[in-house]
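Sequence lines, in order, name chains B and E. Quick note on the numbering used here: the first sequence kicks off at 9 and runs consecutively. Quick note on the numbering used here: the second sequence kicks off at 9 and runs consecutively. Worksheet for the structure shown next.
Protein chains: 2
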Amino acid sequence: MSLIQTKSIADQVEELLRGRIRDGTYAPGSRMPSESELSDEFGVSRATLRTVLAKLAVNGLILRKQGDGTYVNIKVREINAHQGYLWEFVRIIETNGYKPTIRSLAIEKKVASEEQANALAIEPGDELISLTRLFYADERPVILARNVIPTTFLREAAEHIDGQLHISEILKRYCHQNIAFAITEIRSVLVEERVHQLLAKELDQAVLVLKVAFYSNQNLPLALGVNYFDDKVLRLSLVQAWS
Amino acid sequence: MSLIQTKSIADQVEELLRGRIRDGTYAPGSRMPSESELSDEFGVSRATLRTVLAKLAVNGLILRKQGDGTYVNIKVREINAHQGYLWEFVRIIETNGYKPTIRSLAIEKKVASEEQANALAIEPGDELISLTRLFYADERPVILARNVIPTTFLREAAEHIDGQLHISEILKRYCHQNIAFAITEIRSVLVEERVHQLLAKELDQAVLVLKVAFYSNQNLPLALGVNYFDDKVLRLSLVQAWS
DNA sequence: AAGTGGTCTAGACCACGAC
DNA sequence: TCGTGGTCTAGACCACTTA
Numbered sequence: 009m010s011l012i013q014t015k016s017i018a019d020q021v022e023e024l025l026r027g028r029i030r031d032g033t034y035a036p037g038s039r040m041p042s043e044s045e046l047s048d049e050f051g052v053s054r055a056t057l058r059t060v061l062a063k064l065a066v067n068g069l070i071l072r073k074q075g076d077g078t079y080v081n082i083k084v085r086e087i088n089a090h091q092g093y094l095w096e097f098v099r100i101i102e103t104n105g106y107k108p109t110i111r112s113l114a115i116e117k118k119v120a121s122e123e124q125a126n127a128l129a130i131e132p133g134d135e136l137i138s139l140t141r142l143f144y145a146d147e148r149p150v151i152l153a154r155n156v157i158p159t160t161f162l163r164e165a166a167e168h169i170d171g172q173l174h175i176s177e178i179l180k181r182y183c184h185q186n187i188a189f190a191i192t193e194i195r196s197v198l199v200e201e202r203v204h205q206l207l208a209k210e211l212d213q214a215v216l217v218l219k220v221a222f223y224s225n226q227n228l229p230l231a232l233g234v235n236y237f238d239d240k241v242l243r244l245s246l247v248q249a250w251s
Numbered sequence: 009m010s011l012i013q014t015k016s017i018a019d020q021v022e023e024l025l026r027g028r029i030r031d032g033t034y035a036p037g038s039r040m041p042s043e044s045e046l047s048d049e050f051g052v053s054r055a056t057l058r059t060v061l062a063k064l065a066v067n068g069l070i071l072r073k074q075g076d077g078t079y080v081n082i083k084v085r086e087i088n089a090h091q092g093y094l095w096e097f098v099r100i101i102e103t104n105g106y107k108p109t110i111r112s113l114a115i116e117k118k119v120a121s122e123e124q125a126n127a128l129a130i131e132p133g134d135e136l137i138s139l140t141r142l143f144y145a146d147e148r149p150v151i152l153a154r155n156v157i158p159t160t161f162l163r164e165a166a167e168h169i170d171g172q173l174h175i176s177e178i179l180k181r182y183c184h185q186n187i188a189f190a191i192t193e194i195r196s197v198l199v200e201e202r203v204h205q206l207l208a209k210e211l212d213q214a215v216l217v218l219k220v221a222f223y224s225n226q227n228l229p230l231a232l233g234v235n236y237f238d239d240k241v242l243r244l245s246l247v248q249a250w251s
């Protein structure tokens with residue numbers, strides 16, 4: 009008897025297939041077994057198997073050709089497509105070939121600006137918890153991340169927050185809130201005074217800024233993020249696939 | 009008898025539901041009819057209906073709550089999530105509230121640089137067709153788009169190319185090639201001399217650059233794109249949803 | 001003609017939330 | 001307890017590619 013909840017069959021099959029693609033059992037560019045072969049092997053219905061393959065196809069890992077077969081995307085190695093990977097900075101750093109490290113710079117109380125209050129559906133001046141963190145790629149600072157959460161969501165003292173955790177995990181663990189969706193706005197800016205030192209960049213260089221708003225499945229704004237991304241070191245790439 | 013291919017039931021249902029969400033029949037934040045009600049109304053199986061709802065959920069249009077119901081995302085109005093919308097500039101301009109216009113600046117022959125040849129799996133010096141286009145938002149230039157296609161793909165004279173068409177349509181019509189997936193790299197740069205005039209920007213301003221590579225379902229590189237995006241006028245936003 | 005993926009159905013059972 | 005969405009099945013038929 010295990011405390012870990014049993015994953016769905018589909019999730020298990022997905023993990024298996026992702027593993028085989030990752031480790032080269034199904035090599036990039038090669039043809040995979042047919043749907044019926046796979047569903048036989050795993051002992052699942054074809055319908056279940058197909059939901060998994062559809063997901064892999066949307067993520068760009070495989071290409072499907074009616075009347076022919078299913079092929080592994082020859083570019084799999086440079087695809088970091090996962091649900092919500094846009095703000096999964098650790099994964100981005102890894103797929104760029106570096107070792108990721110997170111340093112928590114500050115966990116402090118602030119008051120909401122008008123813009124923040126508007127985005128979070130609270131009042132200007134309301135209290136926020138602000139997390140400032142720096143992500144490193146092989147000891148080199150590459151992403152400066154600032155997140156704010158309305159204090160009213162917090163169920164524990166702010167001092168208890170583990171600065172290594174992903175924002176979704178922080179919201180889950182300390183606020184009992186789950187993220188249902190996020191809207192990210194991507195902009196290009198010149199590094200400000202306060203940022204350039206932390207990212208070890210020259211002044212007047214352009215960096216990417218990812219402004220994120222996180223929402224619950226009640227359409228409730230949970231948190232905001234402003235992330236300075238050094239695109240001279242890290243590549244930010246997206247994969248789009250068509251059926 | 010119609011020349012237009014009949015769309016799948018799922019596609020028709022999707023179009024219906026998207027329409028109802030768009031026109032407010034299902035208002036932002038409100039609860040939608042249950043799966044069984046909808047499948048009854050449309051006369052489709054629940055399985056078919058669910059594939060549609062799953063797609064809408066991934067695109068962030070709806071939120072699903074087990075044991076409760078399906079709700080319209082209260083932010084639908086600012087969501088422009090569609091397959092491959094990242095390089096659907098016309099749609100981005102529209103959802104930002106402007107009228108889009110495309111001006112074709114040049115269609116010319118060039119030779120592949122080493123970088124281009126590498127990305128397109130051809131030899132440096134091989135001939136390319138280069139398309140340079142400028143996208144306007146309400147008469148204001150906002151995106152400078154440059155695409156290159158290996159000349160060997162072309163089935164017609166380059167002069168025949170309609171500069172108003174989407175790159176996927178150009179590839180389909182003049183090259184008989186379909187795009188299966190694309191990899192986009194997003195970067196932040198300072199506008200170059202040649203670009204700043206066209207986009208009517210001051211020098212030394214930061215703009216977004218979207219470098220795209222398009223591939224066929226044979227894993228074959230079809231075309232490249234370099235797009236200068238004025239993020240001071242247009243918002244580039246992405247929606248991520250979790251199941 | 002044979003094999004592949006694409007579409008769709010009808011129905012069973014489960015997990016969860018609200019009442 | 002009831003209705004909701006979540007998971008899964010077995011099987012039918014279609015569309016397409018390849019040979």
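Glycine included, every Cβ here is placed at the ideal spot set by N, Cα and C. Note that the structure is predicted; figures quoted are calculated from it, not measured.
query	result
Is DSSP giving Gly27(E) helix, strand or coil here?	helix
Taking a Cβ distance cut-off of 9 Å, strictly less, list which residues of the stretch 172-193 of chain B are near chain E, in chain order.	Ser176, Asn186, Ile187, Ala188, Phe189, Ala190, Ile191, Thr192 and Glu193
Classify Asn126(E): buried if its beta carbon has 16 or more other beta carbons within 10 angstroms, exposed otherwise.	exposed
Out of curiosity, what's the CA-to-CA distance linking Arg26(E) and Ala18(E)?	12 Å
Within the same chain, show all residues whose beta-carbon is closer than 6 Å to that of Ser138(B), passing over the 5 residues directly before and after it, in chain order.	Glu116, Lys118 and Val156
Assign Asn126(B) to one of three DSSP states: helix, strand, or coil.	helix
List the residues of chain E that Asn104(B) touches, going by C-beta distances under 7 Å, in chain order.	Those within 7 Å of Asn104(B) in chain E number zero; the least Cβ separation is about 11 Å.
List the endpoints of the continuous alpha helix (DSSP H) containing Thr192(B).	Where Thr192(B) is concerned, there is no enclosing alpha helix (DSSP H), although the beta strand (DSSP E) it sits in stretches over Phe189 to Leu198.
Hey, out of Val80(B), Thr59(B) and Ala55(B), whose CA is closest to Asp31(B)'s CA?	Val80(B)
Please confirm whether any heavy atom of the ligand MN lies closer than 7 Å to the CB of Phe189(B).	This structure lacks the ligand MN; in fact it carries no ligand of any kind.
Within the 8 Å Cβ cut-off, does Arg195(E) reach chain B?	yes
Thinking just about the alpha-carbon of each residue, which of Ile169(B), Leu136(B) and Asn225(B) is nearest to the one in Gly233(B)?	Leu136(B)
So, helix, strand or coil for Ser47(E), using DSSP?	helix
Have a look at Leu69(E) and Val84(E) and give me their C-alpha separation to the nearest angstrom.	6 Å
Considering just the uninterrupted stretch of the beta strand (DSSP E) at Ile70(B), what are its terminal residues?	Ile70 to Lys73
Closer than 9 Å, Cβ to Cβ, to anything on chain E: give me those residues from the stretch 32-43 of chain B, in chain order.	Pro36 and Gly37
Counting only beta-carbon atoms, is Leu71(E) nearer than 8 Å to chain B?	yes
Using alpha carbons as the reference points, say which of Arg202(E), Val150(E), Arg58(E) and Val52(E) lies closest to Val241(E).	Val150(E)
Using 8 Å as the limit for Cβ to Cβ distance, is Ala249(B) near chain E?	yes
Contact between the stretch 221-228 of chain E and the stretch 35-47 of chain E: three or more CB pairs below 8 Å?	no
Should Ile87(B) and Leu244(B) be called a contact, given that it needs their Cβ atoms to be closer than 8 Å?	no
Report the rounded CA-to-CA distance for Arg267(B) versus Glu123(E), giving the unit in angstroms.	Any answer about residue 267(B) is impossible in this case: the structure gives chain B only from 9 up to 251.
Smallest Cα separation from Ala165(B): which of Tyr182(B), Ile175(B) and Glu201(B)?	Tyr182(B)
Can you give the beta carbon distance from Val203(E) to Gln213(E), rounded, assuming they're within the 8 Å contact cut?	In fact, because the Cβ distance is near 10 Å, the residues do not count as touching under 8 Å.
Apply the 10 Å Cβ neighbour rule to Pro229(B) and answer buried if 16 or more other Cβ atoms are within range, or exposed otherwise.	buried
With 16 other CB atoms within 10 Å as the buried threshold, where does Pro132(E) fall?	exposed
By the 10 Å Cβ neighbour count, where 16 or more other Cβ atoms means buried, how is Arg141(B) classified, buried or exposed?	buried
For the alpha helix (DSSP H) that Ser38(B) lies in, which residues bound it at each end?	No alpha helix (DSSP H) contains Ser38(B), which DSSP labels as neither H nor E.
Please classify Lys63(E): is it buried, with 16 or more other beta-carbons within 10 angstroms of its beta-carbon, or exposed?	buried
For Arg58(B), would you say it is in contact with chain E, using Cβ-to-Cβ distances shorter than 8 Å as the test?	no
Flag Ile17(E) as yes if its beta-carbon sits less than 8 Å from any beta-carbon of chain B, otherwise no.	no
Could you check the C-alpha separation between Ile82(E) and Arg148(B) for me, to the nearest Å?	40 Å
Starting from Glu135(E), trace the beta strand (DSSP E) both ways and give me its first and last residue.	Glu135 to Ala145
Which value, in whole angstroms, describes the spacing of the CA atoms of His168(B) and Val66(E)?	34 Å
Using a threshold of 8 Å, state whether the C-beta atoms of Ala188(B) and Ala249(E) are closer than that.	yes
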